[in-house]
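Position 9 of the sequence shown, counting from 1, maps to 9 under my numbering, and the rest follow consecutively.
The beta-carbon is built from N, C-alpha and C at its ideal position, and this holds for glycine as well.
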Amino acid sequence: MGSVLFICVENSFRSQIAEAYFNRFAPEGWRAVSAGLTPAERVHPNAVRLMLEEGLDISHKKPQLLTREMQEAADIAVIVCSGALCPIVYTEHVEEWDMPDPAKMPLEEARKIRDAIKEKVLDLIVRIRLERT
């Protein structure tokens, strides 16, 4: 079974969205998890709202701390945050998506980030499927 680890600073917005999309459209035998360097207490309300628009309920999710074990267990790590706070990751295949933080953006701007994350997740899934054939 393949696994993808989505990482951002608080694991409250970008990485939660990426995890939800990946798990919705995942190739057979693949799953995603997400984590952050300094996890927030809860998933950001706008992330929950934006994903409900897509038919995905992430309100039950709890931000979690990024661990070395999570990194070593992942086949692919995707760093979705941008800037100096992004971590060094101990996974063989690492991608950096450099997505701006939508947490303080108006909902309409945050929606654009959500859509960009969805596009990148779908592209990642296509690449995983191509590598398996």
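Suppose you measure from the CA of Q71 to the CA of I128; what does that come to, to the nearest Å?
In this model, Q71 and I128 are separated by some 18 angstroms (Cα to Cα).
Per DSSP, the bridge partner or partners of S34:
DSSP, once it has assigned bridges, lists F6 as partnering S34.
Give a yes or no on whether the C-beta atoms belonging to V121 and F22 are separated by under 8 angstroms.
Yes, these two residues count as a Cβ contact at 8 angstroms.
Assuming A110 and L50 form a contact by the criterion Cβ under 8 angstroms, report the distance between their Cβ atoms to the nearest whole angstrom.
That pair is a contact at about 6 angstroms.
Ordered along the chain, which non-local residues of its own chain (more than five positions away) have a Cβ less than 7 angstroms from that of V48?
Within the same chain, Cβ atoms closer than 7 angstroms to the Cβ of V48 are found at I58, S59, the five residues on either side in sequence being excluded.
Shortest alpha-carbon distance to E69 belongs to which of Y90, K112, P39?
Closest in alpha carbon position to E69, among Y90, K112, P39, is Y90.
Do you know how far the Cα of K104 is from the Cα of R9?
Before going on, a small fix: residue 9 reads as Val here, not Arg. Rounded to the nearest angstrom, the two C-alpha atoms are 14 angstroms apart.
Of the residues K62, A26, S34, which one's Cα is nearest the Cα of E41?
Nearest neighbour of E41 by Cα position, chosen from K62, A26, S34, turns out to be K62.
Is it true that the CB of A73 sits closer than 8 angstroms to the CB of S15?
In terms of Cβ geometry, S15 and A73 do not form a close pair [threshold 8 angstroms].
What is the DSSP secondary structure of A77, reduced to helix, strand or coil?
In the displayed model, A77 falls within a strand according to three-state DSSP.
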